[in-house]
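Beneath this line is the structure, given in structure tokens, with notes to follow.
There are 2 protein chains.
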Amino acid sequence: MTKKSKEGLSVKKQENFSEWFSQVLEKAELIDLRLNMKGFMVFRPLAAITIENMFRLYEEELQKKGHKPTLMPLVIPEENLKKESSHVKGFTPEVFWLKEIGKEKLALRPTSETLYTPMFKLWIRSHRDLPMKLYQRGSVFRFDTKATRPLIRTREIIWIEAHDAFATKKEAEAQVQEDIDTTEKIMHQKFGIPFLAMKRPQWDKFPGAEYTVGSDVFMPDGKLIQQPSTHLMGQKFSKAFGAKFKNIKGKEEYLWTTAYGPAMSRILASIISTHGDDQGLIFPFCIAPIQVIIIPIFNTKNKNNIIKEATKLKENLNSIEIRTEIDASEKRPGEKYNHWELKGVPFRIEIGEKEFKTKKITLATRDIKEKQTLPIKNISELKELGKEFDTRLKEKAEKFMKGKIVNCKTKQDIKKAVNEKKVAKVNFCSIEKQGEKCAEIIEKEINAEVRGTLINKKERPTGKCIICGKPAKEVVYVGKSY
Amino acid sequence: MTKKSKEGLSVKKQENFSEWFSQVLEKAELIDLRLNMKGFMVFRPLAAITIENMFRLYEEELQKKGHKPTLMPLVIPEENLKKESSHVKGFTPEVFWLKEIGKEKLALRPTSETLYTPMFKLWIRSHRDLPMKLYQRGSVFRFDTKATRPLIRTREIIWIEAHDAFATKKEAEAQVQEDIDTTEKIMHQKFGIPFLAMKRPQWDKFPGAEYTVGSDVFMPDGKLIQQPSTHLMGQKFSKAFGAKFKNIKGKEEYLWTTAYGPAMSRILASIISTHGDDQGLIFPFCIAPIQVIIIPIFNTKNKNNIIKEATKLKENLNSIEIRTEIDASEKRPGEKYNHWELKGVPFRIEIGEKEFKTKKITLATRDIKEKQTLPIKNISELKELGKEFDTRLKEKAEKFMKGKIVNCKTKQDIKKAVNEKKVAKVNFCSIEKQGEKCAEIIEKEINAEVRGTLINKKERPTGKCIICGKPAKEVVYVGKSY
Chain A
270 MTKKSKEGLS VKKQENFSEW FSQVLEKAEL IDLRLNMKGF MVFRPLAAIT IENMFRLYEE
330 ELQKKGHKPT LMPLVIPEEN LKKESSHVKG FTPEVFWLKE IGKEKLALRP TSETLYTPMF
390 KLWIRSHRDL PMKLYQRGSV FRFDTKATRP LIRTREIIWI EAHDAFATKK EAEAQVQEDI
450 DTTEKIMHQK FGIPFLAMKR PQWDKFPGAE YTVGSDVFMP DGKLIQQPST HLMGQKFSKA
510 FGAKFKNIKG KEEYLWTTAY GPAMSRILAS IISTHGDDQG LIFPFCIAPI QVIIIPIFNT
570 KNKNNIIKEA TKLKENLNSI EIRTEIDASE KRPGEKYNHW ELKGVPFRIE IGEKEFKTKK
630 ITLATRDIKE KQTLPIKNIS ELKELGKEFD TRLKEKAEKF MKGKIVNCKT KQDIKKAVNE
690 KKVAKVNFCS IEKQGEKCAE IIEKEINAEV RGTLINKKER PTGKCIICGK PAKEVVYVGK
750 SY
Chain B
270 MTKKSKEGLS VKKQENFSEW FSQVLEKAEL IDLRLNMKGF MVFRPLAAIT IENMFRLYEE
330 ELQKKGHKPT LMPLVIPEEN LKKESSHVKG FTPEVFWLKE IGKEKLALRP TSETLYTPMF
390 KLWIRSHRDL PMKLYQRGSV FRFDTKATRP LIRTREIIWI EAHDAFATKK EAEAQVQEDI
450 DTTEKIMHQK FGIPFLAMKR PQWDKFPGAE YTVGSDVFMP DGKLIQQPST HLMGQKFSKA
510 FGAKFKNIKG KEEYLWTTAY GPAMSRILAS IISTHGDDQG LIFPFCIAPI QVIIIPIFNT
570 KNKNNIIKEA TKLKENLNSI EIRTEIDASE KRPGEKYNHW ELKGVPFRIE IGEKEFKTKK
630 ITLATRDIKE KQTLPIKNIS ELKELGKEFD TRLKEKAEKF MKGKIVNCKT KQDIKKAVNE
690 KKVAKVNFCS IEKQGEKCAE IIEKEINAEV RGTLINKKER PTGKCIICGK PAKEVVYVGK
750 SY
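Each protein sequence line maps, in turn, to chains A and B. Going by our numbering, the first sequence opens with residue 270, and the numbers climb by one from there. Going by our numbering, the second sequence opens with residue 270, and the numbers climb by one from there.
What follows is the structure, given as structure tokens:
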């Protein structure tokens, strides 16, 4: 589209994704790591505004589905954290503990089941109080011993966690489905990130859950990244905390609970990786901090007139709720084009002498790199063009994903698929406990993971487990992951 | 207005404010303390939504004034925290430390100067990068050894902190004024909470600041509570972190910085205390989670018709962005009235057979406890009525404050004023270091504090210091405080 400037990226996304990702975070001024705390990041305005926009879309959808916001403390008493035995076992190694103050032993919350469940116990008396659907936005903290990566693997995670309580298992299971639908409505339909909704193998579920459904998203390097997961906690936490309710017959029962955790910081990683290109970021129109950047092209003579016209245009667009800025700095137009392309702005309006006279602006579109002219009086068409922009990003991502899944009949096939940065679909004995050994063999020999089975599509295996040769009960997906 | 039900308050606000405040938090289902962690709270939906609405108004105003959002880590390296000597001294006793993991010594941030200043150092090269005005919303943590009180004195504070950098002291001082203006525009004009903008005595400033301007708000018990404060940091932090910029002549200088910290959790305490009455909460219309509650009054025969009409009305109000709910539960109308009065909903619409037939609803207004009728076709007038509602709350609070300040000539006068739950205005030697001894005498003998001088009104003392008898340089305000 334009020549590369100094501030641009020096690598191509396809050639070195890892370096491309680091450069984008830094050069587009999204994330800064120079506080030098392992796993902790500074979100610069471009990232902070995007995350705020993501939160708003997510929270709107959760509220539409009956969830109410709450705010829990950032810390948890040790006693709470240790109530549910498999939860303790899973999370204890990852907990940041505070130095003791008096007798209180507190931890930074790694997740908040052990804050919500005791409150459910106090807030819920009878079936008339149910369902209770709550959420909060905020940070959780996990001390991950693996290598950290900005946005992808961090020690502070910025997320929403929804915690819901129900009278029956059936309703709780329906909630798990609703959560998957929320991921579909927001992450896929709005942010343009398609995913595989995977019921995780028993050995890979959330510590304390009956089962977990994760959403697996492809990264450009062929690895999968787990995005929002939802968990059927069943009655495990309610039993640990004694959280009961009186059913319609007046009999006491334990609550059925679920949890859902979309992490904005992590989803942002997928948005950047999926949509970005060799020029830099491409933000979906619906969450872009700046949706339209106006570049006035002026000389000393016509500067005032052009800027005036640009300002009018900006106010016009702002009034129809299109987030618009003007770059009236003294840089050359070409430099400005590069700058705002790097920053992922969906549309650029160029307005100079010609546009001023003809009353038609020049419109450049970030993803397809095409220019068109648009009469100023039709400027509100940008709303529609914004929707088309997002549809285009989504469809491109869907196409990318489609080509990534390969039916495999042998270990060799899997190896080949994984080496080609794809995901293997294979017959497998079981995702219950008894399948774990076969999964370990895959991990050891192929260095890939059994991610689970599709939750919303019953896929029938047509033969034997690809590893142990026993009758296959499942069709599972195998790939590398973050 | 209606009879008292079981769920109502059992004390009057004027008779026992402290108990009234506790009961409101609990019975209106705002705050829950039963996690039993000293100084940490659970914000239930009513409080969480109110705080979200407060954040949005505050952030909109900050952004209008050129601030950009950021997100800093919740933790700070020990090394950063200890860079500025008076800051360390002031905050160290209040810091929550994490247990060490490897070599990293981390603390929960008590405030974020020591995160922003090192980033300013990296982000700002020259005067062309200035001013840089940033903020974040989030939690800070202070281990307060005094008795904690929900919302008022807590260990986790939910706030906004704005951190700004400038090329000159003059601009930094103008920012302090702008911050006071923001408090005026939002806390006073929107939330209806008037305040005294006080330049704090040197012995009461923010640790590390050149000077601090606090905003003092009256509580119903006559004590003052400090609401948003703004600090001229001067070059103290920039010198500690070596944060310089090249001025217009190409010469390196240290940055001038400011900080501003409106705490939503604490301002909520003032909103509750100032506007509430013996029936419970009264939320300003502009931040009320529910602005209008519709109570359908039906019998088995007309239930369907009435509910249908109520739903139409609700949709109508929602479409003009008035947050409206229907209470269609099986409780008696009187119970519902009490319930929603306790929860502070500004307007109640009653719609029954009569209203259905005459196409005029009955409108009850929470603060003045009056009913009126309003033709359904004029329902959009509620927007205007909402503004008048907020003006009424604000003017009532202003009137309350006006009567609270008393000119005092002797120690006896001060004692009397303070005992009458008022604030004394007195001639005082100095709010510089040399005045501290006189302040200590006041604290010891009268158990009251010298809060400072009005920042935006130069009040000339007319005689001698009320304590030491030396010529008075200042007119200060003396009162009890939270």
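Quick reminder that beta carbons are idealized off the backbone N, C-alpha and C, glycines included.
Contact between the region 281-292 of chain B and the region 475-491 of chain B is established, with three or more Cβ pairs separated by less than 8 Å. In the DSSP annotation of this structure, residue 494 of chain B is not part of any alpha helix (DSSP H); the continuous beta strand (DSSP E) holding it starts and ends at 493-503.
Distances from the CA of residue 279 of chain B to each of B:338, B:546, B:600 and B:685 were compared; the closest alpha carbon is that of B:546. The beta carbon of residue 597 of chain A lies closer than 8 Å to those of 565, 576 and 579 in the same chain, with the five residues before and after it left out. In the displayed model, residue 464 of chain B falls within coil according to three-state DSSP, outside both helix and strand.
It is roughly 6 Å from the alpha-carbon of residue 740 of chain A to the alpha-carbon of residue 734 of chain A.
For residue 579 of chain B, the uninterrupted alpha helix (DSSP H) run begins and ends at 572-588, by DSSP.
Nearest CB-CB separation between residue 408 of chain B and chain A: below the 7 Å threshold. Per DSSP, residue 309 of chain B lies in no beta strand (DSSP E) and is assigned neither H nor E. In terms of Cβ geometry, residue 650 of chain B and residue 571 of chain B do not form a close pair [threshold 7 Å].
Excluding its 5 nearest sequence neighbours in each direction, residue 437 of chain A has C-beta neighbours in its own chain below 8 Å: 525, listed in chain order. Residue 299 of chain A sits in coil when the DSSP states are folded into three classes, being neither helix nor strand. The way I'd put it, the region 305-325 of chain B does touch the region 554-564 of chain B; three or more beta-carbon pairs between them come closer than 8 Å. Pairwise C-beta distances place the region 385-405 of chain B in contact with the region 524-540 of chain B, as three or more of them are shorter than 8 Å.
Around the beta carbon of residue 646 of chain A, fewer than 16 other beta carbons lie within 10 angstroms, which makes this residue exposed.
Taken atom to atom, the span from the alpha-carbon of residue 326 of chain A to that of residue 334 of chain A is near 13 Å. Distance from the CA of residue 532 of chain B to the CA of residue 496 of chain B, rounded to the nearest whole angstrom, comes to 7 Å. Taking a contact to require three or more Cβ pairs closer than 8 Å, the region 443-453 of chain A and the region 360-371 of chain A do not qualify as touching. For residue 730 of chain B, no CB of chain A lies under 7 Å from its own CB, so it is not counted at the interface with that chain. Near chain A, meaning a CB-to-CB distance below 9 Å, the residues of the region 275-305 of chain B are 298, 301, 303, 304 and 305. Nearest to residue 453 of chain B by alpha-carbon distance, out of B:427, B:484, B:299 and B:476, is B:484. No residue range can be given for residue 717 of chain A, since it is assigned to no beta strand (DSSP E) and is classified by DSSP as neither H nor E. Three or more beta-carbon pairs drawn from the region 696-705 of chain B and the region 458-476 of chain B are found closer than 8 Å, and the two stretches are therefore classed as touching. For residue 432 of chain A, there is no enclosing alpha helix (DSSP H); the enclosing beta strand (DSSP E) covers residues 425-435. In this structure, residue 479 of chain A lies near residue 501 of chain A, with their beta-carbon atoms less than 7 Å apart.
By a beta-carbon distance limit of 8 Å, residue 481 of chain A contacts residue 498 of chain A. Their separation comes to about 6 Å. Around the Cβ of residue 379 of chain A, a 10 Å sphere holds 16 or more other Cβ atoms; the residue is buried.
Within its own chain, the residues whose Cβ lies closer than 8 Å to the Cβ of residue 600 of chain B, once the five positions on either side in sequence are excluded, are 608, listed in chain order. Around the beta carbon of residue 416 of chain A, fewer than 16 other beta carbons lie within 10 angstroms, which makes this residue exposed. If you look at residue 696 of chain B, you'll find it isn't in any alpha helix (DSSP H); it sits in the beta strand (DSSP E) that goes 692-697. Under the 10 Å beta carbon count, residue 510 of chain B is surrounded by 16 or more other beta carbons and is classified as buried. Leaving aside the five residues that flank residue 336 of chain A on each side, the residues in its chain whose CB is nearer than 7 Å to its CB run, in chain order, 402, 403, 404 and 431. The region 370-378 of chain B makes contact with the region 336-352 of chain B: 3 or more CB pairs, one atom from each, lie closer than 8 Å. Residue 667 of chain B and residue 721 of chain B have their C-alpha atoms some 20 Å from each other. For residue 634 of chain B, the enclosing beta strand (DSSP E) has its first and last residue at 629-634. In this chain, residue 458 of chain A is not harboured by any beta strand (DSSP E), its DSSP state being neither H nor E.
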